[in-house]
Structure formats: structure tokens, C-alpha cells
Amino acid sequence: KKARYHATISKQRVNMNDSEPLLLGMPESEVFELLLALVVPLAVAASSGIFSAHNVLWFMSLLQSKMCPDRRVFRIMWTISHILMGISSFLVWRQVRDPLATPMILYCIQLFFNSLFCPLFFGAKRLDLSLIDITILDVALGICIFNFFQFSIAAGVLLLPYYAWCVFNTALNADFYRLQEGQKKDPVFFTTNYSPHHMYEATLAKQEPNGKGDFYSKVPDAPKVLSTPPPLANTQEKPEKNTGPLRYRFSETPEALYVQ
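With the UniProt record's numbering, you'll find the sequence shown wraps up at 260, consecutive numbering, no jumps.
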């Protein structure tokens, strides 16, 4: 029995060496699945970034919320959230191995509403529809996290920062919607207490076609210098020289009989 046991262990070691385990001791097939799980949410993030990048000036023209963070925070947090989302989905996929399993369906549902947020907010410029979308995303993501915990505690924990970030963006979207609607009803109050982004004017001047690309306000050009100086007031005009032939006129001679 001991000989058979050692023979079995040796065969398993040979098989492990033949499979060439890669990242974290995983076989090559699981490494490919992990990469695919990361590519899908990152592709959604990249497509959403296209809408936000092409409408930054419009977003800066809006009355800004007091709790709006720096633009770099949005890039960092959304990127981290999508990476954690991919790892979490991979951990659950290793347990279920079924694309029609309940946790995978819930994961796809929340990812779908995630992909609609930036097109609605930045593309369509509909803050009301984006608020509805991200609210549904919060509910779907909460159910997805609860279901993930049933299969992998690590998978559920990895989604918690993403969930907190989505809840914060829901409150931020609601505040932006409140400010824009309030500006229509009471423009004096809202424009007095709130203002567009502090870099809006500089960015607008930078994107003007006639501008020189300066970050700050454009300095007016110097007046053009005339190539020829104007004539002085004291100069006397010289009589023009007659370069034509001399013409003499005799008295009582008709006009047509001039002698040259």
C-alpha cells in the first residue's frame, strides 16, 4: 500500500510539472480565465472613459457639488473598482463553472447598468436618467455581493470598495441633479452660492480655435508697427517733375497747332 501511495504522489508531481503552473500556482487554463475576467470589466471602463473624456468641458460648466472630488480620484477609483470586480468574478467562477449560475447572472446585470452610467451622464447629458441607472446599479450590486459571499468570502469582500464607490457616486449624481434643476428655478441663489469648476474658464480659453493654447487668460497682441513711417507735418511737398516733352504756345495760335 505504501508503494502504491508513493507511486500515486510521484505521478501527480509529474503531471503538475507537465502542466507548467503559472501565476500563483494556477494552471494555464485558469490564468487565461483570470485574464478574461479582468479584460471584460476593464473594457467597460475604457468605453465609459471615452464618453467622459469627450465631455469634460461640459461637466466643468455645470454648477459643481461641494463634495465633488478631483478628476484624478475618479480615474483611480473606477480603475481599481473594475480590477477588483474582475478578480472577484474569477473567484466565483472557479466555484460554479457555469455562465448561467445565479451569481454570474447577477454579475452581468450589475455590469450592464455600470456600462450605461457614463453614456447617460456624459453622452446624453441626462442627469436624471443616470441617477435612475446608478440607483438600480446599487441594488443589483448589493444582491450580487450577498450572493458572492455564499460561494467565496474573498470575492464578496473585494466588491465592497466598489459598492461604497457606487453609493458615493449615487449621492454625487443626485446633488448635481439638484443643483442644475435648482439653477433653472432660482438662478440668483444657486449661481451666488455655487459656481462652475474653477478651471472651466482656463480650459475654455485653451480650447478656443483662435487661442494660442495658453493655460491662463490670453494676453492681447501688441499693435502692429507700420512698415513705412507716416509723413512729418513740417515736410513740404516737392513739386512733381514734368518728364514729358516741352510744349510751347504762341499767341493767337489755335489750340490744335501746338508746337512740341
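Ideal placement from N, C-alpha and C gives every residue a C-beta, glycine not left out. Since the structure is predicted, the reported quantities are computational estimates derived from the model, not experimental observations.
Cα-Cα separation, residue i to residue j
| i | j | result |
| --- | --- | --- |
| Thr79 | Glu181 | 30 Å |
| Pro103 | Ser65 | 35 Å |
| Phe51 | Ile132 | 18 Å |
| Ile105 | Val167 | 21 Å |
| Phe74 | Cys68 | 10 Å |
| Ile134 | Thr170 | 6 Å |
| Thr192 | Thr203 | 22 Å |
| Leu22 | Val31 | Confidence at Leu22 is low in this model, with a pLDDT of 42, below 50, so its placement is unreliable and no value can be given for it. |
| Lys185 | Ala205 | 29 Å |
| Ser217 | Trp58 | Since pLDDT at Ser217 reaches only 45, below the 50 mark, its modelled position is unreliable, and the value read off the structure follows with that caveat. Going from the Cα of Ser217 to the Cα of Trp58 covers about 19 Å. |
| Ala101 | Ala46 | 27 Å |
Backbone secondary structure at residue i - three-state DSSP
| i | result |
| --- | --- |
| Asp98 | coil |
| Cys118 | helix |
| Thr8 | Low confidence applies here, because Thr8 scores a pLDDT of 48, under 50, leaving its location unreliable; read the following figure in that light. Three-state result, Thr8: helix. |
| Ala124 | coil |
| Ile109 | helix |
| Cys144 | helix |
| Met85 | helix |
| Ser195 | coil |
| Asp70 | coil |
| Gly213 | Only weak support is given to the placement of Gly213: the predicted model assigns it a pLDDT of 46, under 50, and the question is left unresolved by the model. |
Endpoints, alpha helix (DSSP H) assigned at residue i
| i | result |
| --- | --- |
| Met60 | 56–61 |
| Asp175 | 160–185 |
| Tyr200 | 200–206 |
| Pro41 | 28–53 |
Distance CB(residue i)-CB(residue j) smaller than 8 Å
| i | j | result |
| --- | --- | --- |
| Gln110 | Cys144 | yes |
| Gly86 | Pro27 | no |
| Gln207 | Ser152 | no |
| Pro187 | Leu63 | no |
| Leu84 | Leu137 | no |
| Asn55 | Phe117 | no |
| Ser130 | Ser48 | no |
Exposure label - residue i; buried when at least 16 CB within 10 Å
| i | result |
| --- | --- |
| Ala155 | buried |
| His82 | buried |
| Val92 | buried |
| Val44 | buried |
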